[in-house]
Every structure is written in C-alpha cells, then in structure tokens.
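S.K.: The structure is given below, and queries will be raised subsequently.
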Amino acid sequence: MRTQVVIIGGGPSGLLLSQLLYTKGIDSIVLERQTRDHVLGRIRAGVLEQGMMALMAEAGVDARMKAKGIAHHGTLISYDDTLFRIDFQKHTGTSVMVYGQTEVTQDLYAAREAHGGQIEFEVAGVTIHDADRDAPYVTYTVGGQERRIDCDFVAGCDGFHGVSRNSIPQRSRREFEKVYPFGWLGVLSETPPVNDEIIYANSERGFALCSMRNDQLSRYYIQCSMADKPQDWSDDAFWQELKRRIPQDQAAQLVTGPSIEKSIAPLRSFVTEPMRWGRLFLCGDAAHIVPPTGAKGLNTAASDVHYLFTGLCQHYLDGTDEGLERYSEKALARVWKAERFSWWFSSLMHRYPDQSAFDLRMQRAELEFLRSSDAAQKALAENYVGLPY
Ligand code: APR
Ligand code: PHB
Numbered sequence: 000m001r002t003q004v005v006i007i008g009g010g011p012s013g014l015l016l017s018q019l020l021y022t023k024g025i026d027s028i029v030l031e032r033q034t035r036d037h038v039l040g041r042i043r044a045g046v047l048e049q050g051m052m053a054l055m056a057e058a059g060v061d062a063r064m065k066a067k068g069i070a071h072h073g074t075l076i077s078y079d080d081t082l083f084r085i086d087f088q089k090h091t092g093t094s095v096m097v098y099g100q101t102e103v104t105q106d107l108y109a110a111r112e113a114h115g116g117q118i119e120f121e122v123a124g125v126t127i128h129d130a131d132r133d134a135p136y137v138t139y140t141v142g143g144q145e146r147r148i149d150c151d152f153v154a155g156c157d158g159f160h161g162v163s164r165n166s167i168p169q170r171s172r173r174e175f176e177k178v179y180p181f182g183w184l185g186v187l188s189e190t191p192p193v194n195d196e197i198i199y200a201n202s203e204r205g206f207a208l209c210s211m212r213n214d215q216l217s218r219y220y221i222q223c224s225m226a227d228k229p230q231d232w233s234d235d236a237f238w239q240e241l242k243r244r245i246p247q248d249q250a251a252q253l254v255t256g257p258s259i260e261k262s263i264a265p266l267r268s269f270v271t272e273p274m275r276w277g278r279l280f281l282c283g284d285a286a287h288i289v290p291p292t293g294a295k296g297l298n299t300a301a302s303d304v305h306y307l308f309t310g311l312c313q314h315y316l317d318g319t320d321e322g323l324e325r326y327s328e329k330a331l332a333r334v335w336k337a338e339r340f341s342w343w344f345s346s347l348m349h350r351y352p353d354q355s356a357f358d359l360r361m362q363r364a365e366l367e368f369l370r371s372s373d374a375a376q377k378a379l380a381e382n383y384v385g386l387p388y
C-alpha cells in the first residue's frame with residue numbers, strides 16, 4: 000500500500016489532520032490501536048478555543064458543534080466563599096465553546112467515513128521505518144496479517160503512550176516533565192449543571208471543578224490522592240466532598256444524582272523536543288501533556304495540527320518545505336505557553352502536600368490579586384480563550 004501521509008493514532012489530533020488533508024486532496028491512512036467504540040468511550044475535557052473551532056470549520060465538521068456547543072463568555076473562580084468572574088468577552092472580545100471532546104471525535108469519525116477515509120482499527124505492532132531517510136514506511140498487523148504502507152511523511156498522533164515519540168532515538172530528543180502529587184476524581188452525571196459557567200474552586204480541602212456537557216449533563220472533579228481508587232468513592236461521598244469545596248450558595252443549589260462515569264486522572268506536565276525527526280512529525284499528546292486545569296490538552300493538539308497541516312499543504316501544493324522545516328519550532332513556541340498557563344493555573348488552585356504556611360499565603364495573595372486586578376484577569380482571559388497561532 001502507498002499513501003502520502005501515514006497518521007498513527009485515531010484520536011482527535013489524527014482524525015482532524017486526516018480530515019483537513021482530505022479537504023486539500025492530500026491522501027492519508029489512519030492507524031488506530033483500539034476499536035472505534037473504545038476511542039469514543041473516553042471522556043475528556045470539553046472546552047474549545049477559537050482556533051480549534053476555526054479548524055473544525057475548515058475541516059467542514061462544525062455543524063453539530065455550532066448547533067449543540069455552548070458559548071461561554073466568562074468563567075468563575077472561587078476560594079472559600081469568595082466567588083468572582085473572569086469576563087472573556089470584556090478582556091479579549093471573544094469566548095470559548097463548551098463541546099465535549101467525545102462529540103468532536105464523533106464528528107470527525109463521521110466525516111472521515113462519509114468521505115471514504117481510510118482508518119484501520121485494532122492495529123498492532125505499528126513500527127516506523129526510515130523516518131530519517133527519503134522513503135519512510137510503516138509496518139503493522141491487523142487481524143493477524145502483516146501490512147506495510149509506504150509514504151512521504153508520518154504523523155505521530157498516537158498520544159502519550161504511543162510508539163511515535165519513542166521511535167526517535169534517545170540521543171535526538173530531550174524530555175521535560177513534572178508530575179503533580181495528586182489526581183482528579185471526575186464524575187459525569189445526568190443532572191443540570193450547578194452554574195451556567197464553569198467554576199474553578201480553591202478550598203482548604205483541595206481543588207474542585209464544576210463543568211458541564213449540556214443543560215442536563217454535568218461534569219465535576221475533585222482533587223484526590225493518587226492512592227485513591229474510584230471505587231473507594233461512593234457517589235454520596237463524592238457529592239459531600241464537592242459541596243464542601245465550593246462556595247456555600249453554590250453547594251446549596253447543587254443537584255446531585257447517580258454518576259454515569261467515575262474515574263481518576265493523574266496530572267502531568269510533559270514536553271518532548273524537538274517535535275520532528277526527519278519525516279516523522281509528532282502532534283498532540285504524543286509530544287506534550289498538560290494538567291487539565293484550563294482545558295489546554297485538546298486545544299494545544301489543535302495548534303500542532305494547524306502548523307503541520309499548513310506545512311504539508313505548502314509541501315504538496317506550493318512546493319516549499321519551509322513550513323515543515325519550521326514545524327517543531329513554531330509548534331513548541333505555542334506549546335510552552337500553554338504549558339506555562341496550565342502549570343500556573345494548577346499551582347494557583349490546588350493544595351500541595353508540601354505547601355508551607357508561607358506558600359498558602361502566597362496562593363491566597365495571588366487569588367486576591369486576580370480578583371481585584373483587571374490586568375491579572377486580562378492575562379488569564381487571554382490564555383484561557385487561546386493564544387494566537
Ligand atoms: N498504534 C496505533 N494507535 C495508537 C498507538 C499505537 N501504537 N498508541 C496509541 N494509539 C492511539 C490511541 O488509542 C488513541 O486513540 O492514538 C490515539 C491518541 O489519541 P489521544 O490520546 O486522544 O491524543 P490526541 O489525539 O493527541 O488528542 C489530544 O486528547 O488525550 C487528550 O488531553 C488530550 O485533549 C487532548 C487530546
Ligand atoms: C471538563 O469539562 O471536563 C473540563 C473543563 C475545564 C477544565 C478541565 C476539564 O479546565
């Protein structure tokens with residue numbers, strides 16, 4: 000088999016890239032380790048920046064997002080019983096869209112299938128060959144059969160646990176990592192959200208987040224120990240703890256109900272440099288991870304896809320390789336800013352096991368500064384709605 004771009008991973012990065020390339024007549028094949036249902040069963044954040052929305056439109060997959068997504072013009076931040084609002088519209092003239100990553104992925108699969116896109120599910124043993132030469136190829140097995148695809152380029156969109164990053168020799172890359180000493184216990188419930196806007200809560204019992212998917216589906220999180228197991232937390236214990244971490248007036252109006260999903264996610268900051276090795280380009284979680292505070296994961300993957308798509312279009316349609324040559328540099332410049340924001344916002348909102356009395360006062364002073372300073376609110380808003388590509 001032969002194609003122009005082999006895309007490893009059928010998550011949002013790989014699917015979006017494949018669909019965008021299709022709109023320009025550039026061929027790709029997507030190789031996905033899991034089944035379609037497995038990919039669509041994963042619950043991830045659901046806040047889209049303007050840049051991601053624009054890419055969905057460019058890919059021709061924005062109809063359902065426009066109909067079902069909810070525009071958010073601000074967000075709420077609380078510490079103890081103090082609640083204040085960051086006005087995105089006022090500070091940036093724009094907003095974000097609440098639309099689940101599961102929905103994004105569903106729309107992308109539907110579009111790839113409608114246009115005859117080639118996606119191989121349940122592939123095993125994906126191996127990238129000769130990425131540092133002129134004629135790379137990828138081998139894998141599917142249904143017990145060995146396959147080979149020759150290509151011009153390989154896009155490594157296979158997430159943090161994929162093969163692409165590790166196909167780059169150790170000596171040719173450098174990794175930067177911070178692991179946070181806690182996790183997020185998340186619950187999805189068929190209840191109306193406690194507030195129209197997302198609440199980020201700093202409390203002495205730890206961080207809490209009140210988010211939503213739609214007006215009958217809520218997503219809540221509480222900071223927990225990584226030693227906890229989801230089954231240790233009954234629904235009742237979860238709701239009790241959440242109520243203790245958000246302002247009393249919000250807790251009083253919280254509607255609780257059975258959880259339909261409950262899971263614990265670790266928090267990590269991670270970047271690998273460079274994001275390109277010869278004809279292999281890393282995209283999304285394969286190259287970087289952010290802690291979920293601020294919902295930058297999917298949006299940072301989207302900016303990589305934008306730079307790679309632009310570079311591939313220049314290569315195939317304009318005959319210049321400048322975009323591909325500069326892909327890693329451009330993508331990383333934006334990645335590091337998203338890393339900084341996610342790290343800063345996480346540091347501001349969580350309780351750390353080793354926090355001293357001084358550290359706690361610093362956190363409090365920073366929250367009070369943010370509540371009272373227009374400049375600080377503008378800086379948060381600018382990052383939250385997404386820095387320019
Ligand atoms: N071969 C083929 N596919 C693989 C392999 C492999 N060896 N390893 C992983 N995959 C697949 C995974 O099954 C997954 O479907 O690659 C896909 C990667 O998807 P994501 O992990 O969702 O990463 P990405 O598409 O970059 O999306 C970034 O998703 O993970 C969230 O927080 C992240 O929101 C961000 C966004
Ligand atoms: C979510 O809705 O899952 C969500 C929202 C905002 C975040 C993280 C997660 O910062």
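Letter 309 of the sequence shown, counting from 1, is numbered 308 in numbering that gives the first Met the number 0, and no numbers are missing.
A virtual CB, placed ideally from N, CA and C, is assigned to each residue, including glycine.
Take Gln-376 and list the residues in its own chain whose beta-carbon comes closer than 8 Å to its own, dropping the five residues that flank it on each side.
M.R.: On the sequence shown, residue 376 is found 377 positions in, with the first residue counted as 1. For Gln-376, where only same-chain residues beyond five positions count, the Cβ hits under 8 Å are Ile-85, Asp-86, His-90 and Leu-369.
S.K.: Within 8 Å (strictly less), CB to CB, does Gly-143 reach chain C?
M.R.: Checking the listed chains, one finds no chain C in this structure; it contains a single protein chain.
S.K.: If you draw a straight line from the alpha carbon of Gly-50 to that of Leu-281, how long is it in whole angstroms?
M.R.: For this step, residue 50 is matched to residue 51 along the sequence shown. For this step, residue 281 is matched to residue 282 along the sequence shown. Cα to Cα, the separation comes out at about 19 Å.
S.K.: Just the C-alpha distance for Trp-343 and Asn-298, rounded to the nearest angstrom, thanks.
M.R.: Translated into the one-based positions of the sequence shown, residue 343 becomes position 344. Translated into the one-based positions of the sequence shown, residue 298 becomes position 299. Cα-Cα distance, rounded: 17 Å.
S.K.: If you follow the beta strand (DSSP E) that Thr-271 is part of, which residue opens it and which one closes it?
M.R.: As a working mapping, residue 271 is identified with position 272 in the sequence shown. Run containing Thr-271: 258-272, per the beta strand (DSSP E) assignment.
S.K.: Examine the ligand APR and report whether any of its heavy atoms sits within less than 7 Å of the Cβ of Gln-169.
M.R.: Against the sequence shown, residue 169 aligns to sequence position 170. Every heavy atom of the ligand APR is 7 Å or more from the Cβ of Gln-169, so no.
S.K.: Mind checking Gly-24: buried by the 16 CB within 10 Å criterion, or exposed?
M.R.: Walking along the sequence shown from the start, residue 24 turns up at place 25. By the neighbour-count rule (16 or more Cβ atoms within 10 Å), Gly-24 is not buried but exposed.
S.K.: Identify the residues that DSSP records as bridge partners of His-128: which are they?
M.R.: Along the sequence shown, one-based indexing puts residue 128 at 129. Tyr-136, per the DSSP bridge assignment.
S.K.: Does DSSP put Tyr-199 in a helix, in a strand, or in coil?
M.R.: As a working note, residue 199 is residue 200 in the sequence shown. Tyr-199: strand per DSSP, three-state reduction.
S.K.: Express the C-alpha separation of Gly-68 and Gln-88 in angstroms, rounding to a whole number.
M.R.: To locate residue 88, count along the sequence shown from 1; it is residue 89. To locate residue 68, count along the sequence shown from 1; it is residue 69. Distance between the alpha carbons of Gln-88 and Gly-68: 17 Å.
S.K.: Among the candidates Gly-310, Gln-354 and Glu-57, whose CA atom is the shortest distance from the CA of Phe-152?
M.R.: Position 153 of the sequence shown holds residue 152. Nearest of Gly-310, Gln-354 and Glu-57 to Phe-152, Cα basis: Gly-310.
S.K.: Which residues mark the beginning and the end of the beta strand (DSSP E) in which Asp-149 is found?
M.R.: As a working note, residue 149 is residue 150 in the sequence shown. From DSSP, the beta strand (DSSP E) with Asp-149 extends over 144-149.
S.K.: Quick check on DSSP: helix, strand or coil for Leu-316?
M.R.: Residue mapping note: residue 316 aligns to position 317 of the sequence shown, counting from 1. Leu-316 falls in the helix class under three-state DSSP.
S.K.: For Gly-182, which residues from the same chain have a beta carbon less than 8 Å from its beta carbon, with the 5 sequence-adjacent residues on both sides left out?
M.R.: Taking the sequence shown and counting its residues from 1, the one referred to as residue 182 is at position 183. Excluding positions up to five away in sequence, the list reads Gln-222, Cys-223, Ser-224, Met-225, Asp-227, Ile-263, Ala-264, Pro-265 and Leu-266.
S.K.: My guess is that Ala-44 and Gln-100 are in contact by the Cβ rule of under 8 Å, so how many angstroms apart are they, rounded?
M.R.: Here residue 44 refers to the residue found at position 45 of the sequence shown. Here residue 100 refers to the residue found at position 101 of the sequence shown. That pair is a contact at about 6 Å.
S.K.: Would you kindly report the start and end of the unbroken alpha helix (DSSP H) that includes Met-64?
M.R.: Start at 1 with the first residue of the sequence shown, and residue 64 comes out as number 65. Looking at the DSSP string, the run of the alpha helix (DSSP H) that includes Met-64 is 62-67.
S.K.: Give, in chain order, every unbroken run of the alpha helix (DSSP H) that is at least 4 residues long and sits entirely within the region 53-123.
M.R.: For the region 53-123, whole alpha helix (DSSP H) runs of length 4 or above, ordered along the chain, are 62-67, 87-91 and 100-113.
S.K.: Please report how far the alpha carbon of Glu-240 lies from the alpha carbon of Leu-184, in whole angstroms.
M.R.: Here residue 240 is taken as the residue at index 241 of the sequence shown, counted from 1. Here residue 184 is taken as the residue at index 185 of the sequence shown, counted from 1. If I take the Cα positions, the gap works out to 11 Å.
S.K.: Quick one: what does DSSP say His-349 is sitting in, helix, strand or coil?
M.R.: Indexing the sequence shown from 1 puts residue 349 at position 350. His-349 falls in the coil class under three-state DSSP.
S.K.: Is Gly-385 close to the ligand APR? I mean its beta-carbon at under 7 Å from any heavy atom of the ligand.
M.R.: Looking up residue 385 in the sequence shown gives position 386. No, the Cβ of Gly-385 stays beyond 7 Å of every heavy atom of the ligand APR.
S.K.: If Val-38 and Ala-294 are in contact, beta carbons under 8 Å, what's the gap, nearest whole angstrom?
M.R.: Locating residue 38 in the sequence shown gives position 39, where the first residue counts as 1. Locating residue 294 in the sequence shown gives position 295, where the first residue counts as 1. Contact flag wrong, Cβ pair sits at about 19 Å.
S.K.: Give me the DSSP bridge partner(s) of Leu-281.
M.R.: As a working mapping, residue 281 is identified with position 282 in the sequence shown. Leu-281 pairs with Gly-155.
S.K.: Considering only residues of the same chain and omitting the five flanking positions on each side of Lys-289, which have a CB-CB separation below 7 Å?
M.R.: Here residue 289 refers to the residue found at position 290 when the sequence shown is read from its first residue. First, the amino acid is wrong: residue 289 is Val here, not Lys. The residues are Ser-268, Lys-295, Gly-296, Thr-299, Ala-337, Glu-338 and Ser-341.
S.K.: When burial is assigned at 16 or more other CB atoms within 10 Å of the CB, is Ile-118 buried or exposed?
M.R.: Counting from 1 along the sequence shown, the entry for residue 118 is found at position 119. Under this definition Ile-118 is a buried residue.
S.K.: Could you check where the alpha helix (DSSP H) with Lys-177 kicks off and where it finishes?
M.R.: Translated into positions along the sequence shown, residue 177 becomes position 178. Counting along the chain, Lys-177 falls outside any alpha helix (DSSP H), though it belongs to the beta strand (DSSP E) covering 173-188.
S.K.: Indicate whether Cys-150 and Gln-3 have their beta-carbon atoms separated by less than 8 Å.
M.R.: Numbered from its first residue, the sequence shown carries residue 150 at position 151. Numbered from its first residue, the sequence shown carries residue 3 at position 4. Yes, Cβ-Cβ distance for Cys-150 and Gln-3 is below 8 Å.
S.K.: On the DSSP letters alone, give me the boundaries of the beta strand (DSSP E) that Val-5 sits inside.
M.R.: Walking along the sequence shown from the start, residue 5 turns up at place 6. From DSSP, the beta strand (DSSP E) with Val-5 extends over 4-7.
S.K.: Measuring alpha carbon to alpha carbon, tell me which residue in Leu-253, Ser-163, Glu-145 and Ile-198 is nearest Thr-271.
M.R.: Within the sequence shown, residue 271 is the residue found at index 272, counting from 1. When only C-alpha atoms are compared, the closest one is Ser-163.
S.K.: May I ask which residues mark the beginning and end of the alpha helix (DSSP H) holding Asn-382?
M.R.: What you label residue 382 is simply residue 383 of the sequence shown in a count that begins at 1. Asn-382 -> alpha helix (DSSP H) spans 373-384.
S.K.: Would Ser-327 and Arg-278 be called neighbours here (beta carbons separated by less than 8 Å)?
M.R.: Taking the first residue of the sequence shown as position 1, residue 327 is located at position 328. Taking the first residue of the sequence shown as position 1, residue 278 is located at position 279. Contact: no.
S.K.: Among Arg-244, Ala-236, Asp-195 and Glu-31, which has the Cα closest to the Cα of Glu-203?
M.R.: Stepping through the sequence shown from its first residue, residue 203 is reached at position 204. Among Arg-244, Ala-236, Asp-195 and Glu-31, the Cα nearest to that of Glu-203 belongs to Arg-244.
S.K.: Select from His-305, Leu-208, Asn-194 and Val-304 the residue whose C-alpha is nearest the C-alpha of Leu-253.
M.R.: Reading the sequence shown from its first residue, position 254 is the one you call residue 253. For the residues His-305, Leu-208, Asn-194 and Val-304, the minimum Cα distance to Leu-253 belongs to Asn-194.
S.K.: Provide the residue span of the alpha helix (DSSP H) that contains Asn-165, from first to last.
M.R.: Position 166 of the sequence shown, counting from 1, holds the residue named residue 165. 163-166 is the span of the alpha helix (DSSP H), which, as asked, contains Asn-165.
S.K.: Which of helix, strand or coil does DSSP assign to Ala-251?
M.R.: Numbered from its first residue, the sequence shown carries residue 251 at position 252. In this structure, Ala-251 counts as helix in the three-state DSSP scheme.
S.K.: Quick one, which of Cys-209, Pro-191 and Phe-159 has its alpha-carbon nearest Glu-176's?
M.R.: Numbered from its first residue, the sequence shown carries residue 176 at position 177. Answer by Cα proximity: Phe-159.
S.K.: Going by beta carbon distance, what residues of the same chain come within less than 6 Å of Asp-131, once the five residues before and after it are set aside?
M.R.: Here residue 131 is taken as the residue at index 132 of the sequence shown, counted from 1. Gly-277.
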